[in-house]
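The structure appears below as C-alpha cells.
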Amino acid sequence: MELTFLGTSSMVPTKERNVQSLLITYKDEGILLDCGEGTQRQMNIMGMNRNKITRILISHWHGDHVAGLIGLLMTIGNAKEGKKIHIYGPKDTKRHFQAMKDMCFFYEKLDIEIHELNPKGVEKFFENQDFELYAAHLEHSIPVLGFRFVEKDVYKISKEKMKKFGLKEGPMIGKLQREGKIVVKGETIKLEDIADLSIGKKLAFIFDTVICNNCYALAEDADVLVSEATYGSEHEEKAEAYKHMTVKQAALIANNSSAKKLILTHFSQRYKTTGALEEEARTYFPNSLCAYDFMKVKI
Ligand SMILES: [Zn+2]
Ligand SMILES: [Zn+2]
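Residue numbers for the sequence shown follow the numbering used here, beginning at 26 and rising by one.
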C-alpha cells in the first residue's frame, strides 16, 4: 500500500505546492482523496496512471479540494470508456457534481456512481475482501467529511507451523485458507493452527476542520494519521476564525488517539518552508512530518 501526496497547499497553489489531493494505491484500487485544480497534471508529472483510479472521496466542496474533478474524469473517460468510478462525498455532492458537469460540455463516457454520505459517528460506507472505508462528519464552514481506511486482518501461513502438522504446500493449504479448517488423518487442523494473524493497517484522513470529537474517533490507533494543519500555533486565532487546525492541534489528536505516525498537510501559502512547523509538531508528537508534493509513503 502506498500514499502519494499530489497537493499539499491550502486554498492557493504556490510554486512548490499544488492544492489538495492524495492517492491511496492498494492492489487494484486507486482511491483519490480530494481533487484540487491541476491534480491530473500532478499525476502526469509523477508518471502515474490516472486510469487506475477506482474511487474518489470528496471531503467537501471547497474549490481547492474539487476543482480538478471534471478535467480528471474527462481524461480518464477518453482513455477508458465505460470504466466504473465511484464518487463519495457529503450531502449535496450530486447537486454540486451536476453543476460542475453543466459548466462545460462533459461527455458521459464513464460509468460514474455518486454516493452521498451522512454518517452517524464513524460509519462504514464501503467494504471488500481486503479493506473497509469509513467516514465521519467534521466541523468546517461547510459540510465536511473525514475518512478512515482499515485493512482487514489476514492469516498468513507459517511454514514452520505447517511442518509441525506434517503439512506440505499444495491444494490442502488452499482449502484450509478458503474454508478455515481441514481434516487430515482424522485430525481437524484449523487455519489459526498453522498461520499467524497479520493485523491490517489503519489510515485516517482529517481534512478541513476545527478540532472535534470525530477527529479523535477517526484517528484512533491509526498507523498513519494524515491531518490538515493550515497554521502554526502563532495563528491559532486565524485557524479558529477560518475553521482550520494548527500544527499543535493536529499533533495533540495524534497523541491522544494513539496514532503511530502523523503526516501534516494543507499548509497556508504563507509557509514557504515547513521546517518550523515540523519542529513544533514534534514537540507534541515526535513521529510527525510535513508532507510535500510528490511525497510517497509506503505503508
Ligand atoms: Zn481546504
Ligand atoms: Zn475548506
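Note that the Cβ used here is the ideal one computed from N, Cα and C, for glycine as well. As the structure is a prediction and not an experimental result, all values here were calculated from the model.
**Asked** In this structure, does DSSP put VAL322 in helix, strand or coil?
**Response** Your numbering for residue 322 matches position 297 in the sequence shown. If DSSP states are grouped into helix, strand and coil, VAL322 belongs with the strands.
**Prompt:** Is it the case that the CB of ASP233 approaches a heavy atom of ligand 2 more closely than 7 Å?
**Reply:** For the purposes of this step, residue 233 is taken as residue 208 along the sequence shown, with counting starting at 1. Yes; taking the cut-off as 7 Å, the Cβ of ASP233 has a heavy atom of ligand 2 nearer than that.
**Request:** Below 8 Å on the Cβ atoms is my guess for GLY303 versus LEU287; work out the distance and round it to an integer in Å.
**Result:** As a working mapping, residue 303 is identified with position 278 in the sequence shown. As a working mapping, residue 287 is identified with position 262 in the sequence shown. Contrary to the premise, residue 303 reads as Glu rather than Gly in this sequence. Going by Cβ atoms, the distance from GLU303 to LEU287 rounds to 10 Å, so no, they are not a contact pair.
**Request:** Grab me the residues of LYS263's own chain with a C-beta within less than 7 Å of its C-beta, minus the 5 sequence neighbours each way, in chain order.
**Result:** Numbered from 1 along the sequence shown, position 238 holds the residue referred to as residue 263. So the qualifying residues of the chain are TYR256.
**Prompt:** With ALA161 and GLY146 assumed to form a contact (beta carbons below 8 Å), what rounded beta-carbon distance in angstroms separates them?
**Reply:** Position 136 of the sequence shown, counting from 1, holds the residue named residue 161. Position 121 of the sequence shown, counting from 1, holds the residue named residue 146. Yes, they are in contact, since the Cβ atoms of ALA161 and GLY146 sit about 6 Å apart, within 8 Å.
**Item:** Cα-Cα separation, GLU261 to GLU164
**Value:** By one-based count along the sequence shown, residue 261 stands at place 236. By one-based count along the sequence shown, residue 164 stands at place 139. Their backbone Cα atoms lie some 16 Å apart in a straight line.
**Asked** If you drop the 5 nearest sequence neighbours on each side, which residues of the same chain put their C-beta closer than 6 Å to that of THR271?
**Response** Here residue 271 refers to the residue found at position 246 of the sequence shown. Closer than 6 Å at Cβ, skipping near neighbours: TYR256, SER258, GLU261 and ALA264.
**Prompt:** So the beta strand (DSSP E) THR118 belongs to, where does it begin and stop?
**Reply:** Translated into the one-based positions of the sequence shown, residue 118 becomes position 93. Note, THR118: premise wrong, no beta strand (DSSP E); alpha helix (DSSP H) at 118-127.
**Request:** Under 6 Å Cβ to Cβ from SER334, same chain only, skipping five residues before and after it: list those, please.
**Result:** With the chain covering only 26 through 324, there is no way to say anything about residue 334.
**Prompt:** Beta-carbon separation of ILE78 and ILE112 under 8 Å?
**Reply:** Here residue 78 refers to the residue found at position 53 when the sequence shown is read from its first residue. Here residue 112 refers to the residue found at position 87 when the sequence shown is read from its first residue. Contact flag unset, no.
**Asked** For CYS129, is the classification buried or exposed, using 16 other Cβ atoms within 10 angstroms of its Cβ as the cut-off for buried?
**Response** Walking along the sequence shown from the start, residue 129 turns up at place 104. CYS129 should be labelled exposed.
**Message:** Excluding the 5 residues flanking PHE310 on each side, which residues of the same chain have their C-beta closer than 7 Å to its C-beta?
**Reply:** Here residue 310 corresponds to residue number 285 of the sequence shown, with the count starting at 1. So the list reads ALA276, ALA279, ASN280 and LEU287, once near-sequence residues are dropped.
**LYS181 versus ASN238 - alpha carbon distance** = Taking the first residue of the sequence shown as 1, we reach residue 181 at position 156. Taking the first residue of the sequence shown as 1, we reach residue 238 at position 213. Each residue's Cα considered, the two are about 35 Å apart.
**Request:** May I ask which residues mark the beginning and end of the alpha helix (DSSP H) holding HIS90?
**Result:** To locate residue 90, count along the sequence shown from 1; it is residue 65. Looking at the DSSP string, the run of the alpha helix (DSSP H) that includes HIS90 is 88-91.
**Message:** Can you confirm whether GLN65, when its beta carbon is compared against all beta carbons of chain D, has any partner nearer than 8 Å?
**Reply:** In the displayed structure, chain D is absent; only one protein chain is listed.
**Asked** Does the Cβ of ARG80 have 16 or more other Cβ atoms within 10 Å, making it buried, or fewer, making it exposed?
**Response** Along the sequence shown, one-based indexing puts residue 80 at 55. By the 10 Å Cβ count, ARG80 comes out buried.
**Proximal residues to PRO38 (C-beta, below 6 Å), its chain only, five neighbours per side dropped** = The residue labelled residue 38 in the question sits at position 13 within the sequence shown. For PRO38, where only same-chain residues beyond five positions count, the Cβ hits under 6 Å are VAL44.
**Request:** Kindly list the residues whose CB is nearer than 8 Å to the CB of PHE319, restricted to its own chain and excluding five residues on each side of it in sequence; keep chain order.
**Result:** In the sequence shown, counting from the first residue as 1, residue 319 sits at position 294. Contacts found: THR29, PHE30, LEU31, GLN67, ILE70 and MET71.
**Prompt:** Considering only the beta carbon of each residue, do ASN100 and ARG75 sit closer than 8 Å?
**Reply:** Taking the sequence shown and counting its residues from 1, one reaches residue 100 at position 75. Taking the sequence shown and counting its residues from 1, one reaches residue 75 at position 50. Correcting the residue identity first, residue 100 is Thr in this sequence and not Asn. Their beta carbons are under 8 Å apart, which means THR100 touches ARG75 by this criterion.
**Message:** Is the beta carbon of HIS85 closer than 8 Å to that of LEU142?
**Reply:** Position 117 of the sequence shown holds residue 142. Position 60 of the sequence shown holds residue 85. The answer is no: Cβ separation not under 8 Å.
**Item:** Nearest-angstrom Cα separation, counted from GLY88 out to MET36
**Value:** On the sequence shown, residue 36 is found 11 positions in, with the first residue counted as 1. On the sequence shown, residue 88 is found 63 positions in, with the first residue counted as 1. Taking the straight line from one Cα to the other gives about 8 Å.
**Prompt:** Going by the C-beta, is HIS165 closer than 7 Å to any heavy atom of ligand 2?
**Reply:** For the purposes of this step, residue 165 is identified with residue 140 of the sequence shown, where counting begins at 1. Yes, the Cβ of HIS165 comes within 7 Å of a heavy atom of ligand 2.
**Prompt:** Is it true that the CB of MET187 sits closer than 8 Å to the CB of ILE219?
**Reply:** The residue labelled residue 219 in the question sits at position 194 within the sequence shown. The residue labelled residue 187 in the question sits at position 162 within the sequence shown. Against a cut-off of 8 Å, the Cβ pair of MET187 and ILE219 comes out as a contact.
**Request:** Have a look at SER282 and LEU98 and give me their C-alpha separation to the nearest angstrom.
**Result:** Position 257 of the sequence shown, counted from the start, is the residue given in the question as residue 282. Position 73 of the sequence shown, counted from the start, is the residue given in the question as residue 98. Their backbone Cα atoms lie some 36 Å apart in a straight line.
**Prompt:** For GLY61, does the count of other Cβ atoms within 10 angstroms reach 16, so buried, or fall short, so exposed?
**Reply:** Taking the sequence shown and counting its residues from 1, one reaches residue 61 at position 36. Under this definition GLY61 is a buried residue.
**Message:** Rounded to whole angstroms, what is the Cα-Cα separation between TYR340 and THR213?
**Reply:** In the structure displayed, the chain extends from 26 to 324; residue 340 sits before or after that span and is not available.
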